[in-house]
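Residue numbers (UniProt numbering): 1 to 504. For glycine and all other residues, C-beta sits at the position ideal for the given N, C-alpha and C.
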Amino acid sequence: MRAAWQAGALRALIDAGIVFQHADATSSGILNLAMWLSGLSPDELCARWRTLPVRDFLSFAAPRQSLDLLDVEALGDAERLVHRVLPHLGVDPSAIRASMLLDGTFNVCDFARKVTETVPHTRVDLDLLVAGLSPPVLMPPVNRDGTLYTDALWSQHDNLMEAVRRGADVIWVLWCIGNTPAYGRGLLTQYSHLAELSANGALFAELDRLREINERILAGEKVMGHERPIAVHLVKPERPLPLDTDVYDGHVTAASLIDMGYSDAWRYLDVRGEQGLPLTPEITLTTEPRPDLTFRESLTGPFTLGPTDPMAGALDPRARPLTLHLTISVADMDAFVTDIRHSARLVARLDFAPFGMDIPVRQGSFNIFHSQDDPRTRRMTYGLRFAHDGREYFLEGTRTIPAAHGARLWKDTTRLFCQLHEGRDARGPVVGAGVLTLGARQILQLISSMHPARRGAAGLTAMARFGRFFLGPLWERYAPLARAHPGAVEPTTPVKQRAGAPLV
1 MRAAWQAGAL
11 RALIDAGIVF
21 QHADATSSGI
31 LNLAMWLSGL
41 SPDELCARWR
51 TLPVRDFLSF
61 AAPRQSLDLL
71 DVEALGDAER
81 LVHRVLPHLG
91 VDPSAIRASM
101 LLDGTFNVCD
111 FARKVTETVP
121 HTRVDLDLLV
131 AGLSPPVLMP
141 PVNRDGTLYT
151 DALWSQHDNL
161 MEAVRRGADV
171 IWVLWCIGNT
181 PAYGRGLLTQ
191 YSHLAELSAN
201 GALFAELDRL
211 REINERILAG
221 EKVMGHERPI
231 AVHLVKPERP
241 LPLDTDVYDG
251 HVTAASLIDM
261 GYSDAWRYLD
271 VRGEQGLPLT
281 PEITLTTEPR
291 PDLTFRESLT
301 GPFTLGPTDP
311 MAGALDPRAR
321 PLTLHLTISV
331 ADMDAFVTDI
341 RHSARLVARL
351 DFAPFGMDIP
361 VRQGSFNIFH
371 SQDDPRTRRM
381 TYGLRFAHDG
391 REYFLEGTRT
401 IPAAHGARLW
411 KDTTRLFCQL
421 HEGRDARGPV
431 VGAGVLTLGA
441 RQILQLISSM
451 HPARRGAAGL
461 TAMARFGRFF
471 LGPLWERYAP
481 LARAHPGAVE
491 PTTPVKQRAG
501 APLV
């Protein structure tokens, strides 16, 4: 499911106007390249990931004996991948082979020879796609014409030299495998550490080779047809990505991963230089720790382009619904509650008919301050930077949390007063306004989506403290209901079909 993050990052690169002549994929990245070459645009990739039932990936192989798990060929099989996942994602091998969008290459591992085989998209078939998505332990190998093929993750995750051989002097890497400095507990976490060790080690070896090539080019040599140094740009998560089990358990959604990928890509795009990044092992290192708490929030309400006052915009007869889908990550719950200098990360997308649906947010922020008029009252601020029709906009929202119960408790706590600024931040002119609201169902979903990283009672205690800080008296009223009805976490949404979407 980390490939959903990658889909969001790819959409950001395309939105930034970057054009690709060649794309290479290994392991779960094969899904995104296969979708792209099947004719789906990057925004359609994101839409398919958002609506994929995550449990469709789960297809357990039956052991030969009821408890003989150590003697099975693999824990799972490809049945649901072939019959549910690939069709839902729009993967079409015949369309891939016929695609003229760009040159694509897919990596699989020849198990007998222990080498990576790079397959041009014109020779791809269903067996090779499945093989590239079949890591040992989790999936059985694919027998194709007497040769066993598996996922190439363990032999070579990113095939940078294939791009160099094809003449690329600028390479973009969408790195979702991770590189966490902290050693975690648990078998699944340590399995992900194995993947990190293998993939990072292979990438670092390629970076060493690229550094040597660049040194020879700078010395005046023409190497593999290149006369100028090769630049490498790498987009990576700000924080370690959740494991697939977190997605299956509802701790995170594919939609949140997409929004994270889009935001992470723009975080790099905003500061990148033409020369790319230093070709050192630090290139993939995760810069922030795993968040202490993550939760999802949805708000919707009337909004109008033109007015500058939120209430005027909400009451305007021209108002249209604006909906925000937010994922908020708090690095340290205790520090966030006690120190106003600690802001939380916000990733999001918005729906607003005059602009479009599923508009991704490039950069977001969330904070809570104590009111200067009444220190017992807290003031929330939301900031979302996004683009539409070639222009950048900044949506600023404020919400008040009163300290005491009262007649206005519900209205004050659940209303977000919003102003839309043209430009990158709130210094730009106001070009629209409105009021968004949080309904009872949305509050239950918000609380149900809260998942602390700390284990046991310590995590639950810290989460309850944050919940009271965030929702005020509403926490005591709705938290017991959310725990009693965990099914209120996420509404399901149908697949959005878009006819005649152009190829990118």
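7 angstroms Cβ shell around residue i - same chain, five flanking residues per side excluded
i	result
D334	A462
L13	W172 and A265
P491	For P491, the predicted model reports a pLDDT of 42, less than 50, meaning its position is unreliable and no value from the coordinates is stated.
P93	V124, D125, L126 and L129
N179	E196, N200, T284, L285 and T286
Span separating the alpha-carbon of residue i from that of residue j
i	j	result
N367	T381	5 angstroms
V85	D77	13 angstroms
A163	L210	11 angstroms
T398	R385	15 angstroms
A433	S449	28 angstroms
R188	H251	Arg is not the amino acid found at residue 188; the sequence shown has Leu there. Straight-line Cα distance between these residues: approximately 16 angstroms.
V235	V271	12 angstroms
residue 517	Y183	Nothing in the structure corresponds to residue 517, since the chain is present only between 1 and 504.
G201	M35	28 angstroms
T105	D145	20 angstroms
I359	R239	23 angstroms
T245	A3	14 angstroms
H342	D332	8 angstroms
L293	S99	43 angstroms
V361	S41	18 angstroms
V396	F417	First, the amino acid is wrong: residue 396 is Glu here, not Val. When rounded, the distance between both Cα atoms is 8 angstroms.
H325	L350	6 angstroms
A16	A168	19 angstroms
M1	V54	8 angstroms
I328	F303	23 angstroms
V170	E227	13 angstroms
H193	D309	51 angstroms
H88	I30	15 angstroms
H83	R376	56 angstroms
S59	V337	42 angstroms
Span of the beta strand (DSSP E), counted from its first residue to its last, around residue i
i	result
E297	L293 to L305
R379	R378 to H388
F106	D103 to D110
residue 505	Outside the displayed range of the chain (1 to 504) lies residue 505, so it cannot be described from this structure.
A98	No beta strand (DSSP E) holds A98; the alpha helix (DSSP H) holding it covers P93 to A98.
L444	No beta strand (DSSP E) holds L444; the alpha helix (DSSP H) holding it covers A440 to S448.
T398	R391 to I401
A3	Run containing A3: none in the beta strand (DSSP E); it sits in the alpha helix (DSSP H), A3 to D15.
G434	V430 to T437
6 angstroms CB neighbourhood of residue i in its chain, flanking five on each side removed
i	result
Q442	S298
P229	N214 and I217
L174	Q6, A9 and V235
S198	W154
S263	V347
R50	A254 and A255
G459	P452
A314	P302, G434 and V435
I340	F369
Residues near residue i in its chain [Cβ-Cβ closer than 8 angstroms; skip 5 each side]
i	result
V19	none
W475	I447, A464, G467 and R468
D103	Q21, H22, A23, P120, H121 and R166
Q275	P229 and A231
G456	none
P354	L305 and R320
F352	F303, R320, P321, L322, T323 and I359
Cβ-Cβ separation, residue j to residue i (assumed contact under 8 angstroms), whole Å
i	j	result
P291	V330	6 angstroms
E117	V108	5 angstroms
H232	L279	Position check: residue 232 holds Val in this sequence, whereas His was assumed. About 6 angstroms separates the two Cβ atoms, so the contact holds.
R379	T400	6 angstroms
T437	R415	6 angstroms
L444	L481	6 angstroms
N32	L52	The pair is not a contact, with the Cβ atoms about 12 angstroms apart (cut-off 8 angstroms).
G90	S38	5 angstroms
V142	A152	Rounded, the Cβ-Cβ distance is 12 angstroms, inconsistent with contact.
Span of the alpha helix (DSSP H) around residue i
i	result
T413	L409 to T414
E196	L187 to L218
P120	Premise fails: P120 lies in the beta strand (DSSP E), V115 to P120, not in any alpha helix (DSSP H).
V337	M333 to T338
G423	It is not in any alpha helix (DSSP H) - G423 carries neither H nor E in the DSSP assignment.
Residue i: CB within 7 angstroms of a non-hydrogen atom of the ligand COA
i	result
G428	By its list of ligands, the structure shown contains no ligand whatsoever, and the ligand COA lies outside what it can speak to.
> What runs of the alpha helix (DSSP H), each 4 residues or longer, lie entirely inside the segment 456–487?
Replying inline: For the segment 456–487, whole alpha helix (DSSP H) runs of length 4 or above, ordered along the chain, are 456–471 and 473–484.
> In chain order, which continuous runs of the alpha helix (DSSP H) of length 4 or greater are located wholly inside the segment 122–184?
Replying inline: If you keep only unbroken alpha helix (DSSP H) runs of at least 4 residues inside the segment 122–184, you get 126–132 and 160–165.
>> For a minimum of 4 consecutive residues, which ranges assigned as the alpha helix (DSSP H) are wholly contained in the segment 241–286?
In response: 244–248 and 254–269, all fully within the segment 241–286.
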